[in-house]
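> The sequence shown begins at 15 in this note's numbering and counts up by one.
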Amino acid sequence: MSKVLVTGGAGFIGSHFVERLLRRADVEQVTVLDALTYAGNLANLKAAQASGRFKFVHGNILDTRLVGKLVESHDAVVHFAAESHVDRSLFDAGRFIATNVHGTQILLEAARRSGVSRFVNVSTDEVYGSLASGTATEQWPLAPSIPYAASKAAGDLIARSYFETYGVPVCITRSSNNYGPRQYPEKVIPYFVSRLLQGRALRVHGDGRHLRNWLHVEDNCAGIELVLNQGVPGEVYNIGGGHDLTTNELADLLLRMLGADSSMVEHVPDRIANDRRYAMDWSKIAHLGYRPTHDLEYSLASTIAWYRSNPAFWQHTPVSGDVAALGC
Ligand code: NAD
């Protein structure tokens, strides 16, 4: 694994993953392909840009020729690029299908033609849909409820078909909800934090009893790196093991950490098709040696500190108003 192409590397998780790869001596080059949509930010790659082994290409994964050329000159692809915000998919599903389904197929086709040694498709626990009980293993049926999750499930199935049909060495990772520095402020944790930093009330959807597993972005990246190096082609790996919290519990914790009280919570109507409960079994990746290491309160405190000292990242950001946040 000497030259790695990372799609969507100017986004939240991708940019942390790029920094992680560049810390490895056996990685000769890391190239980011990113369209710099509203969610992409070159400033996220500031540390990476200091490395002589890093290259940035501004381009779209829907550009077949560009993708073909880039994939050909790399040994492995780690595919993060996506439309990633659930709420936006409720209003613009077509964009999600284009990037998350067609874009994924374009990358896989390029991988098939050039014969990369590994293709990691980065996906989500949302493909399993809402679980009334139990925990989803990788064999759990895919039952996405919302267009974002359906587009990710479709990408996963196409990736699987490229392994079964053409032998492309695909691995799929499905993680729970990530948090950490540099997450776009439409997602629930930075959305809540930035509102509280501005002295504004949190908006909690519905009864606030939706359950999510909160995973620090560095733990997810450690799992993805493990799959890149040791995953078995054709296999799916759930990455979880963070902390289970309802939205109410998350809001209470952030209120306490930011010195506010429950008068700073507004309940607003629930989002359409808001999944009640995500829960995954991640014992398969644990057998590869994966262990999440981030303590929730400690890591939330450092995440809050990052948003406090980087107001330019979230001030003046057009988030989608009342429908922003909740869910991934
Ligand atoms: P993000 O929205 O922060 O970043 C997405 C990046 O992809 C941006 O830099 C954007 O510019 C780029 N991009 C979008 N469309 C593109 C296109 N057509 N061509 C090239 N680049 C394009 O997303 P994130 O939160 O970092 O998520 C990364 C991946 O992880 C996604 O595939 C997402 O589905 C998955 N995931 C995210 C979470 C989470 O909690 N954030 C959880 C599980 C899985």
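Every residue gets a Cβ at the ideal spot worked out from N, C-alpha and C, and that includes glycine.
Between which two residues does the alpha helix (DSSP H) holding Ser297 run?
Run containing Ser297: 297–300, per the alpha helix (DSSP H) assignment.
> Just to confirm, is the Cβ distance from Ile160 to Thr118 under 8 angstroms?
Taking 8 angstroms as the Cβ cut-off, Ile160 and Thr118 do not qualify as a contacting pair.
> If Phe94 sits next to Thr21, beta carbons under 8 angstroms apart, how far is it from one beta carbon to the other, in whole angstroms?
Going by Cβ atoms, the distance from Phe94 to Thr21 rounds to 6 angstroms, so yes, they are a contact pair.
> Leu19 by DSSP, collapsed to three states: which one?
Three-state DSSP puts Leu19 in a strand.
> Taking the DSSP output, what are the residues bridged to Arg188?
According to DSSP, Arg188 bridges with Ser137, Asn252.
> Between the C-alpha atoms of Ala163 and Asn74, what's the straight-line distance to the nearest angstrom?
For Ala163 and Asn74, the distance between alpha carbons rounds to 21 angstroms.
> Within 10 Å of its beta-carbon, does Asn234 have 16 or more other beta-carbons around it, so buried, or fewer, so exposed?
Answer is buried; the Cβ neighbour count reaches 16.
> Could you tell me whether any non-hydrogen atom of the ligand NAD is closer than 7 angstroms to the CB of Ser189?
Under cutoff, so the answer is yes.
> Hey, how far is the Cα of Asp89 from the Cα of Ala24?
Roughly 20 angstroms separates the two Cα atoms.
> Please tell me whether, using a cut-off of 7 angstroms, the distance from the CB of Ile27 to the nearest non-hydrogen atom of the ligand NAD is below it.
Ile27 Cβ: within cutoff of the ligand NAD.
> If we count the other Cβ atoms within 10 Å of its Cβ and call it buried at 16 or more, is Thr78 buried or exposed?
It counts as exposed.
> Which value, in whole angstroms, describes the spacing of the CA atoms of Leu216 and Leu264?
The straight-line gap from Cα to Cα measures roughly 11 angstroms.
> Within its chain, find whatever has a CB closer than 7 angstroms to the CB of Ser208; leave out the 5 residues flanking it on each side and keep chain order.
The residues are Pro199, Tyr321, Trp328.
> Looking at the strands, I want to know which residues DSSP matches up with Lys69.
Thr45.
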